[in-house]
Amino acid sequence: MNKLKAANLYRSELIPISGKLVERYNKCLLKLGFTVTELDHFHIDGIGWSPEVAEEKDDENYLCNGESNPHGIIISPLQNKKPVYLPYHTFDRDMMMQVFKKHGSKINDITRDSAICIDFDQSIDAFYEPLDVLRYQTVTIRFHLIDNLDNVREEQLQLIEKFKQGNNFIDENIHSQLLESANKYGDLRERDLNLESMNYVTDSFYTKSFGGVYVLRDFISPIVVFESKKWYKEAIKDTVHDVLIFHIKQPQLMEKLRDHIIIAYDLEDIVKTKRYERIKKFEFSQHLKKTKHPIKDILSDQLLFKSYLNKVDIDTRKKVMSVERYLEKLEKSNQYKISDIVDDDLFEALHEPHSSLHPKHQDLIWKLLVNIAPKDVLFMYWYDKQEFYKQYETWDPSLQDWVIETISNNI
0 MNKLKAANLY
10 RSELIPISGK
20 LVERYNKCLL
30 KLGFTVTELD
40 HFHIDGIGWS
50 PEVAEEKDDE
60 NYLCNGESNP
70 HGIIISPLQN
80 KKPVYLPYHT
90 FDRDMMMQVF
100 KKHGSKINDI
110 TRDSAICIDF
120 DQSIDAFYEP
130 LDVLRYQTVT
140 IRFHLIDNLD
150 NVREEQLQLI
160 EKFKQGNNFI
170 DENIHSQLLE
180 SANKYGDLRE
190 RDLNLESMNY
200 VTDSFYTKSF
210 GGVYVLRDFI
220 SPIVVFESKK
230 WYKEAIKDTV
240 HDVLIFHIKQ
250 PQLMEKLRDH
260 IIIAYDLEDI
270 VKTKRYERIK
280 KFEFSQHLKK
290 TKHPIKDILS
300 DQLLFKSYLN
310 KVDIDTRKKV
320 MSVERYLEKL
330 EKSNQYKISD
340 IVDDDLFEAL
350 HEPHSSLHPK
360 HQDLIWKLLV
370 NIAPKDVLFM
380 YWYDKQEFYK
390 QYETWDPSLQ
400 DWVIETISNN
410 I
């Protein structure tokens, strides 16, 4: 990952945490029911997730109490507008944006000497079967301060009122209680520590629960797409919910998404785009073995590309160039079908969200498409960084260089 880090393509916006902030972070972990970290410095993202703490605990979802109870931690106002690098749901960053939009000034004040634990409560104590994900409707975002600072403020105010009554101003016991509280927590009288709960209404989304599930509920009829075969097989036993259920690798899924005007394709248009070139070159790279030139040079130099295209076997050549071959044949006769000539995987990779979709839904469908056919390295980086990082480590070093250059030139 060093090359990605050098190019600022690997978790470059994490916030460093050390000193007193580590203590506050640990207090949040304990308050949420987790164990503390032994690290004395680490980094966090917009929702409070840390890659170092995840590695230490050997649990990338260490901020979740089960699949239905995710949490967050705010210990710095710098978390505002920062990425959520390992979201449990695709709407996690939207929720954090909403939190800072409503409570930004209070968060700035509170995090001077405290920290905020967040409970994302969807009114589901636990999941029992895969279609329980359909119960996601409204998420109530609740806030809890470490050391119960909001309660301490109320106690200070009550002590002050008691101090003002009668001759209590000479009561040494009240004096010592006030001094002890002030020395420990500071003077909280004028601070607004009340963070009202908020509601976030979900629509279509992706969740990591049950091995990864897409819930598409804003279209002709609800569609649920499972990444896990195990949970897909369990879900299709359901006879209660009126939804269409697919496994992500089912060929019928793409057809249904087209029928529901969720995705579309236009081969004549896409062959003129940079995206098509990226997909074609990445596909070609998967067939290059023991080359005399670096793969980066072969993909970047038109002459080398043609040279190696003529060196591979005829089936590979037909596959890589299948879209252009199909369009050439179509100019002469309309008797050809796409499936007769264009490689199935390549065809799937050339789909895109339908232009009529809301931008938020387009992002979700892009994520689904790059999971179905992960051939566009730029869009994989944009819409599913975890999958991108996983695949990146399996690629030839020279291919990695081409990928880094490709992404850097398009950001």
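Heads up: the sequence shown is residues 0 to 410, going by numbering that gives the first Met the number 0.
Where a beta carbon is used, it is the ideal one built from N, C-alpha and C, also for glycine.
1) Whose C-alpha, out of H286, K295, L329, is nearest the C-alpha of N309?
2) Does the count of Cβ pairs from the segment 71-85 and the segment 113-128 closer than 8 Å reach three?
3) Using the Cβ count rule (16 or more neighbours within 10 Å means buried), how would you classify D39?
4) Here's the rule: buried if 16 or more other CB atoms are within 10 angstroms of the residue's CB, otherwise exposed. What is S354?
5) Could you compute how far the alpha carbon of L345 sits from the alpha carbon of A372?
6) Kindly indicate which three-state DSSP category N7 falls into: helix, strand or coil?
7) How about the segment 101-113 and the segment 125-138: do they share at least three Cβ pairs that are nearer than 8 Å?
8) Cutting at 8 Å between CB atoms, please list the residues of its own chain near S196, excluding the five before and the five after it.
9) Taking its Cβ as the centre, do 16 or more other Cβ atoms sit within 10 Å of H350, making it buried, or is it exposed?
10) Counting only the same chain and skipping the five closest in sequence on each side, list residues whose C-beta sits under 7 Å from that of F33.
11) What span of residues does the alpha helix (DSSP H) with N107 cover, start to end?
12) Take the Cβ of H431 as the centre, count every other Cβ of all protein chains shown within 10 Å, and call the residue buried at 16 or more, exposed below.
13) For L363 and S208, which I take to be in contact (beta-carbon distance under 8 Å), what is that distance rounded to the nearest angstrom?
14) Applying the criterion that 16 or more other CB atoms from any shown protein chain within 10 Å of the CB defines a buried residue, is E327 buried or exposed?
15) Can you tell me whether L134 is buried or exposed, with buried defined as 16 or more other CB within 10 angstroms of its CB?
16) Give the DSSP bridge partners of A263, in chain order.
17) Just to check my reading of the structure: V224 and V212 have Cβ atoms closer than 8 Å, yes? What is that Cβ distance to the nearest angstrom?
18) Three or more beta-carbon pairs under 8 Å between the segment 0-8 and the segment 38-55, yes or no?
19) When we look at the beta-carbon of G45 and count the other beta-carbons within 10 Å, is it buried (16 or more) or exposed?
20) To the nearest angstrom, how far is it from the Cα of P50 to the Cα of S17?
21) Quick check: the Cα distance between L243 and P352, rounded to an integer number of angstroms?
22) Quick check: the Cα distance between W365 and D300, rounded to an integer number of angstroms?
23) Go to N198, then tell me how far its beta strand (DSSP E) extends in each direction, as first and last residue.
24) Could you check where the alpha helix (DSSP H) with V376 kicks off and where it finishes?
25) Which first and last residues belong to the beta strand (DSSP E) in which C116 is found?
26) Leaving out the 5 sequence neighbours to the left and right, which residues in its chain are closer than 7 Å to D217 when beta-carbon positions are compared?
27) May I ask you to report which of helix, strand or coil DSSP gives R141?
28) To the nearest angstrom, how far is the alpha carbon of V214 from that of Q249?
29) Nearest to L252 by alpha carbon, out of K229, L367, Y325, E55?
30) In the DSSP output, what is T206 paired with across the bridge?
31) With DSSP run on the structure shown, which of helix, strand or coil describes S332?
32) Give the DSSP-derived three-state secondary structure of F245 in the structure shown.
Here's the rundown:
1) H286
2) yes
3) exposed
4) exposed
5) 8 Å
6) coil
7) no
8) T139, I140, R141, F142
9) buried
10) Y61
11) 91-109
12) The requested residue 431 is not part of the displayed model; the chain covers only 0 to 410.
13) Contact flag wrong, Cβ pair sits at about 16 Å.
14) exposed
15) Just to set this straight, residue 134 is Arg in the shown sequence, not Leu. R134 is exposed by the Cβ-count criterion.
16) E351
17) 7 Å
18) no
19) buried
20) 15 Å
21) 19 Å
22) 29 Å
23) 197-200
24) 376-382
25) 115-120
26) D202, S203, H360
27) strand
28) 16 Å
29) L367
30) H88, V212
31) coil
32) strand
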